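Counting with mature numbering (1 follows the signal peptide of the UniProt record, and there is no 0), you get residues -19 to -1, 1 to 417 for the letters of the sequence shown.
The beta-carbon is built from N, C-alpha and C at its ideal position, and this holds for glycine as well.
Just so we're clear, the structure is a prediction, and the values are computed from it rather than from any experiment.
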Amino acid sequence: MLAIPPLAALAVLLTSVRGLNNGVGRLPAMGYDTFNAFACNYNATSVLAQAEAMQRHGLIEAGYKTLILDDCYALRTRNASGYMVADPSKWPHGLPAFSKQVNKLGIKLAAYGDNGYETCAGYPGSYGRELQDLETWHSWGMSYLKYDNCYIPADNVTEENMFGRYQRMSNAIAEFAAKRGQDPFLFSLCEWGWEQPWIWGKQISQAWRIDGDIKPYWSAIAAIIDQVSFQYWSSDFYGHNDMDILEVGNTGQGSPPGNLTYEETKSHFTAWALMKSPLIIGTDLTNATNQTFEILGNKDLITINQDPNVGHSISPFRWGINPDFVSNSTHPAEYWSGNSSYGVVFMILNSQDTDATMFFNLTESWAIRAGRQYSVYDMWQHKTTGMAVRNLTFSLPAHGVAALLLKDAGPEPEYLDGSCGFYYQCSWPNGTYISN
Ligand code: GAL
């Protein structure tokens, strides 16, 4: 497994920029959400089956410990005192009992709610009832809230924009925690990236969706990656771009049924993990394949996603097919890197529909030291595959990915004289150029 060099870890710890630090959500959340696989069609039996499958396949141990009941768990109307009621046809023994049942497996239930009068599927929204609903969710053993943006009050009602409307629940969460003397709910915004939440989200929450609903097709995955190439800077400890619920496992199933290839699914999971998105499973695990469990359980990628010392996302150092700094949802940036406690992380993505040769100079990445050689650890093969000196070339299948960890292996071989690997302007001490 990956080991932390203590001094390097301390250095990055001291230079990290943080978001809202109220003690929760320092690292990206990991869990399960009912929406991608089941939409509204779930109940205690089917959700428990997911939790049990998570346990059986080592996913809880791998870190997936939150189970979000997305839209549709309640009755459509509140009771006479205004409280939400768990739908008894879905939860015959009630949600507190169900919550305790999953707790025994090492999982905590999490809530879904809405900023407006109704949730997106028409269940009670929490506008004006923020504290009351926190009380209900708390009584159901929940301490995590995904908060949607449907059926919102008109402008003249709140005289608030997106930030102000979301701040209502953020304030209620702080008030509820202070009153009860307990940790605040983790607050995960879902306003679909409408109003640049990557700029303000971290002031009031721990995660913010950056886009509309994900779909289990490559075009949707590529478009989200393209978006992050302009927003990666926003993720760090206590605040994360939420790239949406994973579609891993939904090939041939889910609603709508997906068609991601194995290579595309690996690229999808690699990007979400290394861009420090919450990792939220969204497939029916009771009939998932071994490949699905292998991808969701990739310990190396999870270790980087959950790095306790380095909070930032990988970032693109070259777009590849597409011109640098230009958005292209079909050909998102292909060459990405970042730091970690375990080495320099690279994600190389082939955005083309055919096999391609990928090439980069190591020092194109800001995180690499010039004049050093690096051992190359492959985070899909889970082994060291060779040594990198100055550059790397390899081929990737259509929409395939390489997830690499480059570890410093000392000065580069002496036969390489004083030339610079990538930039020109490299000079001898007397002022003559070496390489240009
Ligand atoms: C959408 C949201 C989805 C899911 C759905 C439930 O607005 O983006 O992730 O929560 O509502 O109706």
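In this structure the region 284 to 293 does not lie against the region 236 to 247, because fewer than three pairs of beta carbons, one per stretch, are closer than 8 angstroms.
For isoleucine 49, the beta-bridge partners assigned by DSSP are Asp14, Ala91. Counting only runs of 3 or more residues that sit fully inside the region 251 to 283, the beta strand (DSSP E) segments are 260 to 262, in chain order. For leucine 266, the closest of Trp347, Gly278, Ser169, His380 by C-alpha to C-alpha distance is Gly278. At least one heavy atom of the ligand GAL sits closer than 6 angstroms to the Cβ of phenylalanine 16. With fewer than 16 other CB atoms across the displayed protein chains lying within 10 angstroms of its CB, glutamate 42 is exposed. For cysteine 171, the closest of Ala379, Pro69, Gln187 by C-alpha to C-alpha distance is Gln187. Annotation for arginine 353: the continuous beta strand (DSSP E) segment containing it runs 353 to 359.
Apart from the 5 residues on each side of it in sequence, histidine 74 sits with its Cβ closer than 8 angstroms to the Cβ of Ala25 in its chain, given in chain order. Methionine 368: member of the beta strand (DSSP E) spanning 364 to 370, first to last residue. Secondary structure at isoleucine 206: helix, using DSSP grouped into helix, strand and coil. Residue pairing for serine 296: DSSP places it in a beta bridge opposite Ser318.
For threonine 242, the secondary structure class from DSSP, reduced to helix, strand or coil, is coil. Ranked by Cα distance from cysteine 131, the first of Trp173, Ala91, Asn320 is Trp173.
Looking at the DSSP output, aspartate 389 bridges to Tyr355. With a beta-carbon spacing of about 13 angstroms, glycine 263 and isoleucine 202 fall beyond the 8 angstroms limit used to define contacts.
With contacts defined as CB atoms closer than 7 angstroms, proline 259 and glutamate 228 fail to qualify as a contacting pair.
When the beta-carbon positions are compared, methionine 328 and isoleucine 295 come within less than 7 angstroms of each other.
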